[in-house]
Every structure is written in structure tokens, then in C-alpha cells.
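In the working numbering, the protein residues as written are 151 to 372. Every residue gets a Cβ at the ideal spot worked out from N, C-alpha and C, and that includes glycine. Worksheet: one structure, shown below.
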């Protein structure tokens, strides 16, 4: 079923979003204000201004005629977080985003493409998950993985799940530095214990979600 699309337009900046299980999603092609239009009230919110800077650095927000354009769908913790980063000021996203009357000027997506990015079986998630799964290729790496799990008390560091099935702990190690960035010597601090579900969620974005971001996604959906 197609999600309800929300839109907001102000000062020439238009953005479209929708609510998903992962959070509030801003759609590819939406706009954001230029840096010189970011207000001091947002600059004082260090997490949000840092997140905006990260999106720009990672070329998820790319320069456009009057500001920036989203090069891909991005999931935010809330409509307010999305609105604040888009318009450069602290806003109540639930008030500024209204239900869109028409998407005629917006790049269309069929239902499959519309939901694919946030599916747990997204190819991007599967590939990152697979790379982590083959991490323990040497005896040293296997020891590091077991040491990390032991240090984390065989508990998912995102959701807190500690699951035992048939007297075995169900927990995995996630590589904080993506394996795809190149081979380097792994240390225990490069690893974190995650349950299989949170591990998949981590790889639903490139670069992977950080543990605190997964916690925020969980908190938002509780």
C-alpha cells in the first residue's frame, strides 16, 4: 500500500516525505536551504547541525541552484528533525508538513521502488551484512569477535536484547568501519555486538547507521 506523502514549501524550498517503520523519510529530489540561510538557533543544536554537515560531506545533500538537493532518500528520527535540517531552523515538523495535494512536479516512484530502500532485505543491507559475516576469516579475528561479544555480555548494544536459543547466544559482531572501505587490521574497538535484526538495520544505509542512531530509530517506533 502506498504511503501518505507529506509536503512543505517555503521560500522556494520544497520537500516531500512520508512516515515509515524506520522513521520519517525525506524523498530523493527534495531541497534544503543553503548554508548561509541556516539560523543560529539550529547552530546551537549541535547534533542536528553536525548531522546536516555529515549529509553534505557524504554527498547525500548535493549543491543545487538555491541550496541543496537530496541525492537519495534519507530517514530522520522525526518530521521536526527533517524540517530543521531542511530549512535551517528549529521547526515543528508535524505542523509544517501537510498532506500533499499533488506530486505531479515530483519524480515519480512505483510502489516497489518507493519502499525498497527501507526493506530489511534491501540489497545494500544484505551486502554489508554479508561482509561483516565473513569478517572472522582468521583465528585472530575469530578471537576478537568472541572477546567483543563477551565484553558486551552477549547483548545487543542497540536494543538490549540478550537471546539464548538451544543454550547458544544469538548475537553478532558489526564492523563499525565498513569492510568495503578497504582492508586494515581490526581491533576489538572496531566491533560492536548487535542482534541479527539491528545488524541488518545498521546496513540499511551507506554509511551504516551508528549504534546511537539505531537506538533513536527504536525509540521513535516504541
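Only counting the same chain, and skipping five residues up and downstream in sequence, which positions put a Cβ closer than 7 Å to that of residue 162? 216
Taking C-alpha atoms, which residue in 237, 178, 324, 292 lies nearest to residue 350? 324
Span of the beta strand (DSSP E), counted from its first residue to its last, around residue 158: 156–160
According to DSSP, is residue 167 helix, strand or coil? strand
In whole angstroms, what separates the C-alpha of residue 178 from that of residue 316? 44 Å
Residue 217 - DSSP class collapsed to helix/strand/coil: strand
With respect to the alpha helix (DSSP H) encompassing residue 228, which residues constitute its N-terminal and C-terminal limits? Taken as a continuous stretch (DSSP letters only), residue 228 belongs to no alpha helix (DSSP H), as it is neither H nor E.
Assuming the contact rule is C-beta atoms closer than 8 Å, residue 292 and residue 338 should be a hit. Round their C-beta distance to whole Å, please. Not a contact, Cβ separation roughly 12 Å.
Which word fits residue 223, buried or exposed, when buried means at least 16 other C-beta atoms lie within 10 angstroms of its C-beta? buried
Going by beta-carbon coordinates alone, are residue 294 and residue 336 separated by less than 8 Å? yes
Would you mind stating whether residue 360 and residue 341 have Cβ atoms separated by less than 8 Å? no
Thinking C-alpha only, which one of 173, 220, 242 is nearest residue 183? 220
If we count the other Cβ atoms within 10 Å of its Cβ and call it buried at 16 or more, is residue 203 buried or exposed? exposed
Which class does residue 314 belong to by DSSP, given the choice of helix, strand or coil? strand
Neighbourhood of residue 311 by C-beta distance below 6 Å, restricted to the same chain and skipping five residues each side: 345
Which one of 242, 362, 322, 172 has the shortest CA to CA distance from residue 354? 172
Given this structure, state the Cα-to-Cα distance separating residue 227 from residue 245, to the nearest angstrom. 16 Å
Buried or exposed: residue 180, going by 16 or more other Cβ atoms within 10 Å of its Cβ? buried
Assuming the contact rule is C-beta atoms closer than 8 Å, residue 306 and residue 343 should be a hit. Round their C-beta distance to whole Å, please. 6 Å
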